[in-house]
Amino acid sequence: MVKINPLNMVWMNDPERFIINKKEVFIETSPYTSLWSRTYFKTVSSNAPILVLPVEKNFTFSAKVSYSFKEVNDQAGIVVYANENNYLKACVLRYNNKLNLLSTTLTHHGYSDMACREIGEGINTMYFRLSHRDGDFLVENSFDGVHYKQMRLFHLRMREGQFNIGVYACSPNDSSFDSKFSNLRLTKCIWKEYEEGEKIAWDLEQD
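Numbering (the numbering used here), first residue to last: 84 to 290.
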């Protein structure tokens, strides 16, 4: 397992206010920043600050995300990014004063979708893990950094097989909040390869 030094990562859309060191990244979001494309809202919003690292081949990326939301739709999480028309983000998003949403958004050929489930408003830290194997991806979350549950299985093709993975935070409305990203790790893919003839099962929880 390799610890990622955030100082070796690259900004896409530099945030106005941030702190970065060898172990952690702190982002204070700016109002009206977002990462969404066309569906329902009919507009393309791709001005969210994203800190990425280019990787190739099969891998597993993980991060601890902490946040203190202020307004509806404030969000923070991880991302695998090709361009504004093709990316996946997994995040926690503020829904209202009582609930947050654990969410994945896959943007493919310029259109975003969203799948989510409710979690308590009092939860202010989430662990995310993203594994890639031959064009297929598995994204998972954990409340304790030990036991992970599947959020989404998807396919995303990247040009020349290179991926930009990283973290992001944004405030689509008139809001600003503090977020922290730590425990950034990159390893060989830990997602077990499917073998032909093997019984098909959805392993929703794994360490």
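Cβ coordinates follow ideal geometry from the N, Cα and C atoms, glycine included.
Just verifying my parser: in three-state terms, what is the DSSP assignment at residue i?
{"i": "residue 91", "result": "helix"}
{"i": "residue 112", "result": "coil"}
{"i": "residue 273", "result": "coil"}
{"i": "residue 203", "result": "strand"}
{"i": "residue 179", "result": "coil"}
{"i": "residue 169", "result": "strand"}
{"i": "residue 139", "result": "strand"}
{"i": "residue 104", "result": "coil"}
{"i": "residue 86", "result": "strand"}
{"i": "residue 217", "result": "coil"}
{"i": "residue 247", "result": "strand"}
{"i": "residue 260", "result": "coil"}
{"i": "residue 146", "result": "strand"}
{"i": "residue 134", "result": "strand"}
Here's the rule: buried if 16 or more other CB atoms are within 10 angstroms of the residue's CB, otherwise exposed. What is residue i?
{"i": "residue 173", "result": "buried"}
{"i": "residue 94", "result": "exposed"}
{"i": "residue 234", "result": "buried"}
{"i": "residue 215", "result": "buried"}
{"i": "residue 177", "result": "buried"}
{"i": "residue 229", "result": "exposed"}
{"i": "residue 196", "result": "exposed"}
{"i": "residue 124", "result": "exposed"}
{"i": "residue 92", "result": "buried"}
{"i": "residue 262", "result": "buried"}
Quickly, what does DSSP pair residue i with across the bridge? List them, please.
{"i": "residue 278", "result": "In the DSSP output, where bridge partners are listed per residue, residue 278 has none listed."}
{"i": "residue 230", "result": "In the DSSP output, where bridge partners are listed per residue, residue 230 has none listed."}
{"i": "residue 191", "result": "194"}
{"i": "residue 253", "result": "158"}
{"i": "residue 267", "result": "Note: residue 267 sits in no beta bridge, so no partner."}
{"i": "residue 223", "result": "212, 233"}
{"i": "residue 120", "result": "127"}
{"i": "residue 185", "result": "175, 200"}
Cutting at 6 Å between CB atoms, please list the residues of its own chain near residue i, excluding the five before and the five after it.
{"i": "residue 89", "result": "103, 108"}
{"i": "residue 144", "result": "213, 248, 269"}
{"i": "residue 208", "result": "149"}
{"i": "residue 165", "result": "241"}
{"i": "residue 157", "result": "177, 254, 258, 260"}
Please return the same chain residues whose Cβ sits closer than 7 Å to the Cβ of residue i, not counting the five positions on each side in sequence.
{"i": "residue 240", "result": "218"}
{"i": "residue 237", "result": "171, 189, 220"}
{"i": "residue 146", "result": "161, 211, 250, 264, 266, 267"}
Which same chain residues, not among the five before or five after residue i, have their C-beta less than 8 Å away from its C-beta?
{"i": "residue 279", "result": "none"}
Should the segment 268 to 279 be regarded as contacting the segment 180 to 191, the criterion being three or more beta carbon pairs within less than 8 Å?
-> no
For the segment 135 to 144 and the segment 103 to 115, state whether three or more C-beta atom pairs, one from each stretch, are separated by less than 8 Å.
-> no
Are there three or more Cβ pairs, one per stretch, closer than 8 Å when the segment 120 to 127 is compared with the segment 256 to 263?
-> no
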